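J.: In our numbering, each number is its position in the sequence shown, counted from 1, plus 3.
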Amino acid sequence: MTGSILIVDDDPVQRRLVEAAVTKFGHTAIVTDSGNAGLDVLDGPNAREVSVVILDLVMPGLDGIGVLKAMRERAINIPVIVQTAQGGIETVVSAMRHGAFDFVVKPASPDRLQTAISNALKVEAVEDEMKRASRRRGGGHLTFKDMITRSPAMDRVIRLGQKAAASNIPILIEGESGVGKELVARAIQGSGDRRSKPFVTVNCGAIPDNLVESILFGHEKGSFTGATDKHTGKFVEANSGTLFLDEIGDLPLDVQVKLLRAVQEGEVDPVGGRSTVKVDIRLISATHRNLLQQVKDGKFREDLFYRLNVYPIFVPPLRDRRDDIPHLVRHFMEKVAPADPRRRLNGISAKALAMLQAYDWPGNIRQLENAVFRASVLAEGDVLTEEEFPQIRAQVEGTIDLEVEPESAIAETIADAFPRTDETVADATRPALSDGAAPARLQPRFGTLLALDERGNVRALADVELEMIKLAIDHYNGQMSEVARRLGIGRSTLYRKLKEYGIDPEAGRVDRLAS
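Structure representation (structure tokens):
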């Protein structure tokens, strides 16, 4: 698809230069002079014509970051090329964290701008094909078996979710943006007795305050200016099924009162209606905010909080489950393949994978998916390398050694690391066991840690963990960032464990602590 290019810039000279370049490339330009004007186009009837947005970051009023945030909240997934005269790494990082596709520094050369636009259109075309393929495949019920994870940090989430699916109590899913809260909600719905019923989602943070009540509870025709037709509302749409209220912490206080009644009584009052409407729903809420702090600050009703927080589930950020990254990368690469049949990627290099695992992913799984998707579409070769992730490399370079040795690498490629079976890397390196196998067969590949004690019993997990931490600190010469990364935990978690075990992190090596 080669639709129009939306240019958003408050500088009239820069607007004319970019418009001339875009027109010369053969595209139609739509020009606006402010962030709000650009959003009006994306919200208006011509939004479907826009294929790419060229967005200035520094503007009075609503700046470029504000536009990116608004686009994410409104689920507008058009590729955005940001441009600014301030080309520092912090500016690039901020723009990419908020969903920008590419970044150019003013004044951008015509060649650089044309490359950025061509790449954005290429990615959009593949994304459209993926969406069409998904619709052709049809929906099916998502369950916890469909979740891509091998991380112990997610075991608790899955266990809690499976138990929750067997009941109808309200659930509150907490976690940072992009960790997969809606995925967990859909798995709960798909594993329960309402799996064949409606699953209705509402992003409470993306609804204008004056329309929240109408969208949630419905309205009668003529009940307010612009109400030309009757609207049933999301609660009624979800009747007999599941209602997922995402970012519930953004609901206005006056709407929270009505929501409390809907949860307590199972009935809603449409705007302008003369009678209440009974509803039977399973309510799942989600938020990236600290709702308890919101209650203390007077921004969220305490009685509603305790009604919603009956069964809390916390989804950990991706940086606390880095061992999921290889599996997620492979999954996202495979999603792209059917949409671009001209070639198929064979995998990802060990250096690139090590780099992705070293990055903290502030945007979590959503950011990882976007990065892998972009890299997969634009890659020139048949294996993804660190060159396909320039923004990630700019932030990680210098913090890890990208010259990964073959023995310490997870694998040369994803295809090698993960044969197309349920076998994991750990399984592949573990000796095959049979009944009555000798205790030595239970030792890990390099025999560094003992799995069994002198009596042939499995050692306590705490003992093995302590020994593993000591080994890692010793092996990586006290480089705590590298130790944490290799152990697959955050630095704060590592230091907490060191404190618990009485190990001084400032000592660097642990030779004198070995027992």
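All C-beta atoms in this analysis are idealised placements derived from N, C-alpha and C, irrespective of residue type, glycine included. These figures come from a predicted structure and were not determined experimentally.
Could you give the first and the last residue of the continuous alpha helix (DSSP H) run that contains Glu372?
T.: Taken as a continuous stretch (DSSP letters only), the alpha helix (DSSP H) holding Glu372 covers 367 to 381.
J.: Since Val21 and Asp12 are thought to touch, with beta carbons under 8 Å apart, how far apart are those beta carbons, to the nearest angstrom?
T.: Indeed, because the Cβ distance is near 7 Å, the residues count as touching under 8 Å.
J.: If you follow the beta strand (DSSP E) that Asn206 is in, where does it begin and where does it stop?
T.: Start and end: 202 to 206.
J.: Within this structure, are the beta carbons of Leu371 and Leu321 separated by less than 8 Å?
T.: Their beta carbons are under 8 Å apart, which means Leu371 touches Leu321 by this criterion.
J.: Helix, strand or coil: which one does DSSP assign to Glu270?
T.: Strand.
J.: Just to check my reading of the structure: Gly244 and Val203 have Cβ atoms closer than 8 Å, yes? What is that Cβ distance to the nearest angstrom?
T.: Rounded, the Cβ-Cβ distance is 7 Å, consistent with contact.
J.: Pull up the DSSP beta-bridge partners for Ile174, would you.
T.: Ile174 is bridged to Ile287, Tyr314.
J.: With 16 as the cutoff for other CB atoms within 10 Å, does Leu464 come out buried or exposed?
T.: When all chains shown are included, Leu464 counts as exposed.
J.: With DSSP run on the structure shown, which of helix, strand or coil describes Glu22?
T.: Helix at Glu22.
J.: Grab the span of the alpha helix (DSSP H) containing Val85 for me, first residue to last.
T.: It is not in any alpha helix (DSSP H) - Val85 instead sits in the beta strand (DSSP E) that spans 83 to 87.
J.: Out of Asp326, Gly269, Lys125, which one is the CA nearest neighbour of Glu310?
T.: Here residue 310 turns out to be Arg, not Glu, going by the sequence shown. Selected option, being the one with the closest Cα: Gly269.
J.: What separation, rounded to the nearest whole angstrom, lies between the Cα atoms of Ile351 and Val386?
T.: Each residue's Cα considered, the two are about 5 Å apart.
J.: Could you give the distance in angstroms between the alpha-carbon of Glu127 and the alpha-carbon of Leu381?
T.: Approximately 11 Å between the Cα atoms of the pair.
J.: Among Ala169, Ala168, Ala397, Gly38, which residue has its Cα nearest to the Cα of Glu64?
T.: The identity of residue 64 in the sequence shown is Gly, whereas the question assumes Glu. Nearest C-alpha to Gly64: Gly38.
J.: Decide if Glu305 is buried, meaning its Cβ has at least 16 other Cβ atoms within 10 Å, or exposed.
T.: Looking at its Cβ environment, which holds fewer than 16 other Cβ atoms inside 10 Å, Glu305 is exposed.
J.: Identify the continuous alpha helix (DSSP H) that holds Asn214 and give its terminal residues.
T.: A quick correction: the sequence has Leu, not Asn, at residue 214. No alpha helix (DSSP H) contains Leu214, which DSSP labels as neither H nor E.
J.: With respect to the alpha helix (DSSP H) encompassing Ser495, which residues constitute its N-terminal and C-terminal limits?
T.: First-last of the alpha helix (DSSP H) with Ser495: 494 to 503.
J.: Along the chain, where does the alpha helix (DSSP H) that runs through Ile191 open and close?
T.: Element bounds for Ile191: 184 to 194.
J.: Could you tell me if Glu410 is buried or exposed, where buried requires 16 or more neighbouring beta carbons within 10 angstroms of its beta carbon?
T.: At Glu410, the pLDDT of 33 sits below 50, so the modelled position is not reliable; the number obtained from the coordinates is stated separately. Exposed is the call here.
J.: Output the distance between the C-alpha atoms of Glu177 and Gln117, rounded to the nearest integer angstrom.
T.: Roughly 41 Å between the two C-alpha positions.
J.: Checking 8 Å against the spacing of the C-beta atoms, do Ile151 and His330 come in under that value?
T.: For Ile151 and His330, yes; Cβs fall inside 8 Å.
J.: Can you tell me the Cα-Cα spacing of Asp43 and Ile174, whole angstroms?
T.: If I take the Cα positions, the gap works out to 36 Å.
J.: Are the CB atoms of Leu9 and Val53 nearer to each other than 8 Å?
T.: Closer than 8 Å, so yes.
J.: If you draw a straight line from the C-alpha of Arg159 to the C-alpha of Ile84, how long is it?
T.: Whole-angstrom Cα-Cα distance: 39 Å.
J.: Can you tell me whether Gln394 is buried or exposed? The criterion is at least 16 other CB atoms within 10 Å of its CB, across all chains shown.
T.: Classification of Gln394: buried, given that the 10 Å Cβ count is 16 or more.
J.: Which residues share a DSSP beta bridge with Lys281?
T.: Glu270, per the DSSP bridge assignment.
J.: Alpha carbon to alpha carbon, how far is Val467 from Arg488?
T.: Computed Cα separation, rounded: 18 Å.
J.: Specify the secondary structure class of Val61 as computed by DSSP and reduced to three states.
T.: Looking at Val61 - three-state DSSP - the assignment turns out to be coil, as it is neither helix nor strand.
J.: Hey, could you find the ends of the alpha helix (DSSP H) Ile161 is sitting in?
T.: Looking at the DSSP string, the run of the alpha helix (DSSP H) that includes Ile161 is 155 to 168.
J.: For Ala169 and Gly491, I'd like the C-alpha separation in whole angstroms.
T.: Looking at the two C-alpha atoms, the distance is approximately 32 Å.
J.: Which same chain residues, not among the five before or five after Tyr314, have their C-beta less than 6 Å away from its C-beta?
T.: Closer than 6 Å at Cβ, skipping near neighbours: Ala167, Ile172, Ile174.
J.: Buried or exposed, going by whether 16 or more other CB atoms sit within 10 Å of the CB of Tyr362?
T.: So Tyr362 ends up on the buried side.
J.: Could you compute how far the alpha carbon of Pro365 sits from the alpha carbon of Ser217?
T.: Distance between the alpha carbons of Pro365 and Ser217 is about 34 Å.
J.: Just tell me which of Asn293, Val332, Arg325 has its CA closest to the CA of Phe519.
T.: Nothing can be reported for residue 519: it is not among the residues displayed for the chain, which extend from 4 to 518.
J.: If you count every other CB in all the chains shown that lies within 10 Å of the CB of Gly102, and 16 or more means buried, which is it?
T.: When all chains shown are included, Gly102 counts as buried.
J.: Roughly how far, in whole angstroms, is the beta-carbon of Val215 from the beta-carbon of Pro273, given that I think they are within contact range, below 8 Å?
T.: With a Cβ gap of about 13 Å, Val215 and Pro273 do not count as contacting.
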